[in-house]
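Protein chains in written order, with the working numbering: chain A, 1 to 281; chain B, 1001 to 1113. Structure first, commentary second.
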Amino acid sequence: MDKAEIKKRLNDIQSLPTLPPIVSKLNEMVADEEITAVKLGKVIEKDQVLTSKLLKMVNSSFFGFPQRISTVSNAIVLLGFNVIKTLIVTSSIFEVMQASDVGLFEHSLGCAAACGIIAKRRQIKNPEEVSTAGLIHDLGKIVLRSELPEEYEAIVTEAREKGRYMREVEKERIGIGHGEIGGMLARQWNLPERLVFPIEYHHKPEQAPDFKEIAAIVHFSDILIRAVGFGNGGDPWVPALDHNAWERIKLTKSQMKEIIAELDEKLLELQDFTLEIKVEG
Amino acid sequence: MQRIPIKLAKEGMVLAKDAVTPEGQVLCGVDTSLNEELIARLKRQGVLVISVQGHPVRMPGELSLSEKLKELDKRFSKVQNDPVLRALKHLLGEHLVVEEKGAEFLEKLKKGS
């Protein structure tokens, strides 16, 4: 299979659950400048299942709001529409992932938590957006796994056994890496570039056309969460650090120490969260 | 600090964080030393997990400290020449030691070497 064929196949994804119809309605509504968070919230709240999933995610520890968020319109005000939209768009994907690959789910949640901690320290305006980018940075792997399961299995096995990075093996075997695949899909779903670029460039953040700082945070968070050994991102290896990206977000030794301690706390809470999901099914 | 399910709580363990119900209600403050009566009360009130000082329980499947350090090494095996990541690995190793043995142990270890 060549790259063009893979792209065609990914454009016409069959195996993943379709986007909830509510997404296109929300997109239309957001295009209207008069729209308010309360109105948007009301539309989302008509779907009770979606609402409860959404509230569970926004109240989970990787966003880390001290007070419980109890309504969707509050969530929109606090987290911003980009975050809420992304959570809605990806909610069905994460369900697939929870069922088929808990390790990758945990890796994603952990990366989101690390992104949030670093983004807050760097006083980025909407740190929850960076967390969300971290949450979906490996979207491409989920797609690969469900669309090309045999290739995915072979890629993971080769990466683990031969001590190689997944993205290298992906490029060799199918001509495209999971970052690029995730970026394609995120674009197809009309997610904003602030989220698309960090997904697409999480292994080469300096090449991102824009939002290099967010891309750098996702890049380093992916490294950090693998370094800690939480979850399973496919291959077990800590990825190479892009030193130009590191210059952008550089942390001192004592800051790093604080971040490790903070992350540790969050990961314990996340374990409870994933346990809850497993129990509730 | 270790987070353990309430059913593994034992008399003499000391809370490293407040014991809270899943609804977020604080029942027992940090630094409280647990006794049987207290543990029973926490269970009754629906507390599921607590954080205790040190690392008193080895969970099934949980690695020992030296195994954890070995795994850490293995994960970093492809980036050993990167000075930034080497420093990160070092910090994570220290963190693992402190989590299990406490800060004083690490200090002694540093002085010794």
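Every residue gets a Cβ at the ideal spot worked out from N, C-alpha and C, and that includes glycine. Note that the structure is a prediction, hence the values are computed from the model and not measured.
Report task. Alpha carbon to alpha carbon, how far is A/Phe94 from A/Gly64? Give it in angstroms, no decimals. Result -> Here residue 64 of chain A corresponds to residue number 64 of the first sequence, with the count starting at 1. Here residue 94 of chain A corresponds to residue number 94 of the first sequence, with the count starting at 1. Roughly 19 Å separates the two Cα atoms.
Requested in this report: Inspect the beta-carbon positions of A/Arg226 and A/Pro209 and report whether they are closer than 8 Å.
Outcome: On the first sequence, residue 226 of chain A is found 226 positions in, with the first residue counted as 1. On the first sequence, residue 209 of chain A is found 209 positions in, with the first residue counted as 1. By the CB criterion at 8 Å, A/Arg226 and A/Pro209 fall outside the cutoff.
Query - Contacting positions in the region 159-176 of chain A - beta carbon closer than 8 Å to chain B - result: Gly163, Tyr165
Requested in this report: Determine, using beta carbons only, whether A/Ala227 comes closer than 8 Å to chain B.
Outcome: Here residue 227 of chain A is taken as the residue at index 227 of the first sequence, counted from 1. So yes, A/Ala227 belongs to the interface.
Query - Local conformation of A/Gly281 per DSSP, three classes - result: The sequence position of residue 281 of chain A within the first sequence is 281, counting from 1. Annotation note: pLDDT 45 at A/Gly281 (below 50); position unreliable, no value reported.
Query - Backbone secondary structure at B/Val1079 - three-state DSSP - result: Start at 1 with the first residue of the second sequence, and residue 1079 of chain B comes out as number 79. In this structure, B/Val1079 counts as helix in the three-state DSSP scheme.
Query raised in the report: In whole angstroms, what separates the C-alpha of B/Glu1099 from that of A/Lys53?
Result: If you number the second sequence from 1, residue 1099 of chain B lands on position 99. If you number the first sequence from 1, residue 53 of chain A lands on position 53. Cα to Cα, the separation comes out at about 34 Å.
Requested in this report: Figure out for me which residue from A/Ser24, A/Ile214, A/Val72, A/Asp101 has the closest Cα to the Cα of A/Lys46.
Outcome: As a position in the first sequence, residue 46 of chain A is number 46, starting the count at 1. Nearest option by C-alpha distance: A/Val72.
Query - Listed by chain order, chain B residues near A/Leu270 by CB distance under 7 Å - result: The count along the first sequence starts at 1 and reaches residue 270 of chain A at position 270. Within 7 Å Cβ-Cβ: nothing; A/Leu270 doesn't reach chain B, min ~11 Å.
Query raised in the report: If you draw a straight line from the C-alpha of B/His1095 to the C-alpha of A/Met256, how long is it?
Result: The residue labelled residue 1095 of chain B in the question sits at position 95 within the second sequence. The residue labelled residue 256 of chain A in the question sits at position 256 within the first sequence. Straight-line spacing of the CA atoms in B/His1095 and A/Met256 works out to 11 Å.
Query raised in the report: Can the beta-carbon of B/Leu1015 be found less than 8 Å from the beta-carbon of B/Val1026?
Result: By 1-based counting over the second sequence, the position of residue 1015 of chain B is 15. By 1-based counting over the second sequence, the position of residue 1026 of chain B is 26. Contact flag unset, no.
Query raised in the report: Can you give the Cα-Cα distance for B/Glu1023 and B/Gly1046, rounded to whole angstroms?
Result: Translated into the one-based positions of the second sequence, residue 1023 of chain B becomes position 23. Translated into the one-based positions of the second sequence, residue 1046 of chain B becomes position 46. Taking the straight line joining both Cα atoms gives about 9 Å.
**Report entry** A/Gly281 versus A/Ala99 - alpha carbon distance
**Finding:** As a first step, residue 281 of chain A is located in the first sequence; it is residue number 281 there, counting from the start. As a first step, residue 99 of chain A is located in the first sequence; it is residue number 99 there, counting from the start. Unreliable placement is indicated for A/Gly281, whose pLDDT of 45 sits below 50; the coordinate value is still reported in the next sentence. Rounded to whole angstroms, A/Gly281 to A/Ala99 spans 9 Å at the Cα level.
Report task. Could you tell me the boundaries of the alpha helix (DSSP H) in which A/Val23 lies? Result -> As a position in the first sequence, residue 23 of chain A is number 23, starting the count at 1. That run of the alpha helix (DSSP H) goes 22-31.
Query raised in the report: Would you say A/Lys266 faces chain B, with C-beta separation under 8 Å as the test?
Result: Looking up residue 266 of chain A in the first sequence gives position 266. Not closer than 8 Å to any Cβ of chain B, the Cβ of A/Lys266 fails to qualify, so no.
Report task. Specify whether the region 1061-1076 of chain B and the region 1003-1020 of chain B touch according to this definition: at least 3 beta carbon pairs, one from each stretch, less than 8 Å apart. Result -> Contact fails between the region 1061-1076 of chain B and the region 1003-1020 of chain B, because fewer than three Cβ pairs, one in each stretch, are under 8 Å apart.
Query raised in the report: Relative to the alpha-carbon of A/Ile155, which residue among A/His137, A/Ile174, A/Asp138, A/Glu147 has its alpha-carbon at the smallest distance?
Result: Position 155 of the first sequence, counted from the start, is the residue given in the question as residue 155 of chain A. Ranking A/His137, A/Ile174, A/Asp138, A/Glu147 by Cα distance to A/Ile155 puts A/Ile174 first.
Query raised in the report: Who are the neighbours of A/Lys257 on chain B, taking C-beta pairs under 7 Å?
Result: Position 257 of the first sequence, counted from the start, is the residue given in the question as residue 257 of chain A. By Cβ distance, chain B contributes Leu1091.
Report task. Could you check the C-alpha separation between A/Phe220 and A/Leu241 for me, to the nearest Å? Result -> Walking along the first sequence from the start, residue 220 of chain A turns up at place 220. Walking along the first sequence from the start, residue 241 of chain A turns up at place 241. Spanning the two alpha carbons is a distance of roughly 7 Å.
Query raised in the report: In chain order, what residues of the same chain have a beta carbon less than 7 Å from the beta carbon of B/Leu1048, not counting five sequence neighbours either side?
Result: Walking along the second sequence from the start, residue 1048 of chain B turns up at place 48. Pro1005, Ile1006, Pro1022.
Query raised in the report: Three-state secondary structure (DSSP) at B/Val1057?
Result: As a position in the second sequence, residue 1057 of chain B is number 57, starting the count at 1. In the structure shown, B/Val1057 sits in coil (DSSP, three-state: anything other than H, G, I, E or B).
Query - Proximity of A/Ala186 and A/Leu139 at Cβ, strictly below 8 Å - result: Taking the first residue of the first sequence as 1, we reach residue 186 of chain A at position 186. Taking the first residue of the first sequence as 1, we reach residue 139 of chain A at position 139. Contact: yes.
**Report entry** Strand pairing of B/Ala1019, partner residues [DSSP]
**Finding:** Mapped onto the second sequence, residue 1019 of chain B falls at position 19. Answer is B/Cys1028, bridged to B/Ala1019.
Query raised in the report: Is the shortest distance between the beta-carbon of A/Gly281 and the beta-carbons of chain B less than 8 Å?
Result: By one-based count along the first sequence, residue 281 of chain A stands at place 281. Low confidence applies here, because A/Gly281 scores a pLDDT of 45, under 50, leaving its location unreliable and the question unanswered by this model.
Query raised in the report: Roughly how many angstroms separate the alpha carbons of B/Glu1071 and A/Glu172, rounded to a whole number?
Result: Position 71 of the second sequence, counted from the start, is the residue given in the question as residue 1071 of chain B. Position 172 of the first sequence, counted from the start, is the residue given in the question as residue 172 of chain A. Each residue's alpha carbon lies about 28 Å from the other.
Query raised in the report: Does the Cβ-Cβ distance between A/Pro198 and A/Val228 come in under 8 Å?
Result: If you number the first sequence from 1, residue 198 of chain A lands on position 198. If you number the first sequence from 1, residue 228 of chain A lands on position 228. Going by C-beta atoms, A/Pro198 is not nearer than 8 Å to A/Val228.
Query raised in the report: Helix or strand or just coil, what does DSSP make of B/Val1049?
Result: The residue labelled residue 1049 of chain B in the question sits at position 49 within the second sequence. Looking at B/Val1049 - three-state DSSP - the assignment turns out to be strand.
Query raised in the report: With 8 Å set as the bound, which would you pick, yes or no: does the beta-carbon of B/Lys1101 sit closer than that to a beta-carbon of chain A?
Result: Within the second sequence, residue 1101 of chain B is the residue found at index 101, counting from 1. False, the Cβ-Cβ gap to chain A never drops below 8 Å.
Report task. Let me know if B/Pro1060 comes out buried or exposed under the rule of 16 or more other beta-carbons within 10 Å of its beta-carbon. Result -> Position 60 of the second sequence holds residue 1060 of chain B. An exposed status is given to B/Pro1060, since fewer than 16 other beta-carbon atoms sit within 10 Å of its beta-carbon.
Query raised in the report: Which residues in chain A sit within 7 Å of B/Asp1018, going by Cβ to Cβ distance?
Result: Reading the second sequence from its first residue, position 18 is the one you call residue 1018 of chain B. Per Cβ cutoff of 7 Å: no residues; B/Asp1018 is ~13 Å from chain A at best.
Query raised in the report: Unbroken alpha helix (DSSP H) runs of length 4 or more, entirely within the region 118-143 of chain A: which are they?
Result: 127-135
Query raised in the report: Hey, A/Ile76 and A/Leu40: beta-carbon distance below 8 Å or not?
Result: Walking along the first sequence from the start, residue 76 of chain A turns up at place 76. Walking along the first sequence from the start, residue 40 of chain A turns up at place 40. Yes. Within cutoff.
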